[in-house]
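Asker:
In the working numbering, the protein residues as written are 947 to 1220.
1) State the Cα-Cα distance for the pair residue 1173 and residue 1136, rounded to the nearest angstrom.
2) Sort 1034, 1114 and 978 by Cα distance to residue 1169 and report the nearest one.
3) Taking buried to mean at least 16 other C-beta atoms within 10 Å of its own C-beta, is residue 1085 buried or exposed?
4) Quick test of your reading: residue 972 and residue 1010, contact by CB under 8 Å. State the CB separation rounded to the nearest angstrom.
5) Three or more beta-carbon pairs under 8 Å between the segment 1059 to 1069 and the segment 985 to 999, yes or no?
6) Taking DSSP as the reference, what is the three-state secondary structure of residue 1020?
7) What separation, rounded to the nearest whole angstrom, lies between the Cα atoms of residue 1044 and residue 1072?
8) Measure the C-alpha to C-alpha separation of residue 1104 and residue 1139 and round it to an integer number of angstroms.
9) Give the DSSP bridge partners of residue 1005, in chain order.
10) With a floor of 4 residues, list each alpha helix (DSSP H) that falls wholly inside the segment 1056 to 1117, ordered by position along the chain.
11) I'd like the list of long-range same chain contacts for residue 1056, defined as Cβ closer than 6 Å, with 5 residues on each side in sequence excluded.
12) Tell me whether residue 1012 sits in a helix, a strand or coil according to DSSP, three-state version.
13) Output the distance between the C-alpha atoms of residue 1065 and residue 1048, rounded to the nearest integer angstrom.
14) So what's residue 1198 in DSSP terms, helix, strand or just coil?
15) I need the straight-line Cα distance from residue 1154 to residue 1171, nearest angstrom please.
16) Which of the three DSSP states, helix, strand or coil, is assigned to residue 1170?
17) Given this structure, state the Cα-to-Cα distance separating residue 1082 from residue 1098, to the nearest angstrom.
18) Quick one: is residue 1205 buried, meaning 16 or more other Cβ sit within 10 Å of its Cβ, or exposed?
19) What do you get for residue 1144, buried or exposed, if any count of 16 or more other CB atoms within 10 angstroms of its CB means buried?
20) With 16 other CB atoms within 10 Å as the buried threshold, where does residue 1132 fall?
21) Just the C-alpha distance for residue 1080 and residue 1093, rounded to the nearest angstrom, thanks.
22) Nearest to residue 1076 by alpha carbon, out of 1101, 1124, 978 and 1130?
23) In whole angstroms, what is the alpha-carbon distance linking residue 1117 and residue 970?
24) With 16 as the cutoff for other CB atoms within 10 Å, does residue 1088 come out buried or exposed?
25) Exposed or buried, which one is residue 1046 when buried takes at least 16 other CB atoms within 10 Å?
26) Roughly how many whole angstroms lie between the Cα atoms of residue 1050 and residue 1113?
27) The beta strand (DSSP E) that contains residue 1032, what's its start and end?
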């Protein structure tokens, strides 16, 4: 068994890993839900890396993915710690650790998934709506004044041209290539081996292990034990975790809309997601 100590607001209370528990500490960093921002996670990773009382970092990922840039920024933060070589970063996958969630995991030293974890989904998606037909039915006409031919590319008020579709496809293909390269480097796999797996398909944890995308099969407790072993911790490790304060708006959002509910703008112009 392992036990955790939760600290208060990660920003206002400061980092308290050094204050309690001696040296055999593992920092537990949770990445949950849709990834829309990287600031809090990268700050916790940085503080965990600098804290001499923290011997290793355990990522607990339960996320279907999210925005490209935040996923890449967290990946870079994990990669930086890994390359520094002073501390190990281990990932424990929950119910789902797919797309951007897997992107982040790929940078860690070791990945452990449950046998039924949904992972993979190595790919990029861009979605835009077209309301032209609906607007015509209600008698609404869109008038656009623009400075260049592509300034309203992705507009929901008209059909996309073939040229515009090609422009978006080149952007998407470039980000997809970045994804493949990140997995290749993080998992020490050749690009040729990763490419066939990067068509968006989902794998179970057990399938992912056979493909080299996951190192071991086990639950959270197994991941803590593995982290302690890789960090050279003798005896029972102490798992420390920051807990960010919940704003009133977030509390209402969770109460009435559910934990995965988001308000999205009507116009999703060039929105890329993992």
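Think of the CB as a built atom: it goes at the ideal place given N, C-alpha and C, for glycine as much as any other residue.
Quantities reported herein were computed from a predicted structural model and do not represent experimental measurements.
Answerer: Quick answer:
1) Reading the chain shown from its first residue, position 227 is the one you call residue 1173. Reading the chain shown from its first residue, position 190 is the one you call residue 1136. Between the alpha carbons of residue 1173 and residue 1136 lies a distance of about 26 Å.
2) Within the chain shown, residue 1169 is the residue found at index 223, counting from 1. Checking every option, the nearest Cα to that of residue 1169 belongs to 1034.
3) By 1-based counting over the chain shown, the position of residue 1085 is 139. In summary, residue 1085 is exposed, with fewer than 16 beta-carbon neighbours lying within 10 Å of its beta-carbon over all protein chains present.
4) On the chain shown, position 26 is the one that residue 972 refers to. On the chain shown, position 64 is the one that residue 1010 refers to. In this structure, residue 972 and residue 1010 do not form a Cβ contact; the two beta carbons are roughly 26 Å apart against a cut-off of 8 Å.
5) With the cut-off at 8 Å, the segment 1059 to 1069 and the segment 985 to 999 do not touch.
6) Looking up residue 1020 in the chain shown gives position 74. The three-state secondary structure of residue 1020, taken from DSSP, is helix.
7) The residue labelled residue 1044 in the question sits at position 98 within the chain shown. The residue labelled residue 1072 in the question sits at position 126 within the chain shown. A straight line joining the alpha-carbon of residue 1044 with that of residue 1072 spans about 16 Å.
8) Here residue 1104 refers to the residue found at position 158 of the chain shown. Here residue 1139 refers to the residue found at position 193 of the chain shown. Whole-angstrom Cα-Cα distance: 40 Å.
9) Translated into positions along the chain shown, residue 1005 becomes position 59. Bridge partners of residue 1005 according to DSSP: 975 and 1037.
10) Within the segment 1056 to 1117, the complete alpha helix (DSSP H) runs of at least 4 residues are 1078 to 1083.
11) The residue you call residue 1056 lines up with position 110 of the chain shown. Counting only Cβ-Cβ distances below 6 Å, and skipping sequence neighbours, we find 1036 and 1161.
12) Here residue 1012 refers to the residue found at position 66 when the chain shown is read from its first residue. Here DSSP, grouped into helix, strand and coil, assigns residue 1012 to strand.
13) The residue labelled residue 1065 in the question sits at position 119 within the chain shown. The residue labelled residue 1048 in the question sits at position 102 within the chain shown. Distance from the CA atom of residue 1065 to the CA atom of residue 1048, rounded to whole angstroms, is 7 Å.
14) Taking the chain shown and counting its residues from 1, one reaches residue 1198 at position 252. A caution first: residue 1198 carries a pLDDT of 43, below 50, which makes its placement in the model too unreliable to give a value.
15) As a position in the chain shown, residue 1154 is number 208, starting the count at 1. As a position in the chain shown, residue 1171 is number 225, starting the count at 1. So the alpha carbons of these two residues sit roughly 21 Å apart.
16) Within the chain shown, residue 1170 is the residue found at index 224, counting from 1. Collapsing the DSSP output to three states places residue 1170 in a helix.
17) Position 136 of the chain shown holds residue 1082. Position 152 of the chain shown holds residue 1098. For residue 1082 and residue 1098, the distance between alpha carbons rounds to 19 Å.
18) Numbered from its first residue, the chain shown carries residue 1205 at position 259. Reliability fails at residue 1205, whose pLDDT of 31 lies under 50, so the model's placement of it is uncertain and the value that follows must be treated cautiously. Looking at its Cβ environment, which holds fewer than 16 other Cβ atoms inside 10 Å, residue 1205 is exposed.
19) Working through the chain shown from its first residue, we reach residue 1144 at position 198. By the 10 Å Cβ count, residue 1144 comes out buried.
20) Here residue 1132 refers to the residue found at position 186 when the chain shown is read from its first residue. Label assigned to residue 1132: buried.
21) Walking along the chain shown from the start, residue 1080 turns up at place 134. Walking along the chain shown from the start, residue 1093 turns up at place 147. Their Cα atoms are separated by approximately 27 Å.
22) Along the chain shown, read from residue 1 onward, the residue named residue 1076 stands at position 130. That would be 1101, whose Cα lies nearest to the Cα of residue 1076.
23) If you number the chain shown from 1, residue 1117 lands on position 171. If you number the chain shown from 1, residue 970 lands on position 24. So the two alpha carbons sit approximately 45 Å from each other.
24) Here the question's residue 1088 lines up with position 142 in the chain shown. Exposed: under 16 other Cβ atoms inside 10 Å.
25) Taking the first residue of the chain shown as 1, we reach residue 1046 at position 100. By the 16-neighbour rule on beta-carbons within 10 angstroms, residue 1046 is buried.
26) Position 104 of the chain shown holds residue 1050. Position 167 of the chain shown holds residue 1113. Spanning the two alpha carbons is a distance of roughly 27 Å.
27) As a working mapping, residue 1032 is identified with position 86 in the chain shown. From DSSP, residue 1032 is part of no beta strand (DSSP E); its letter is neither H nor E.
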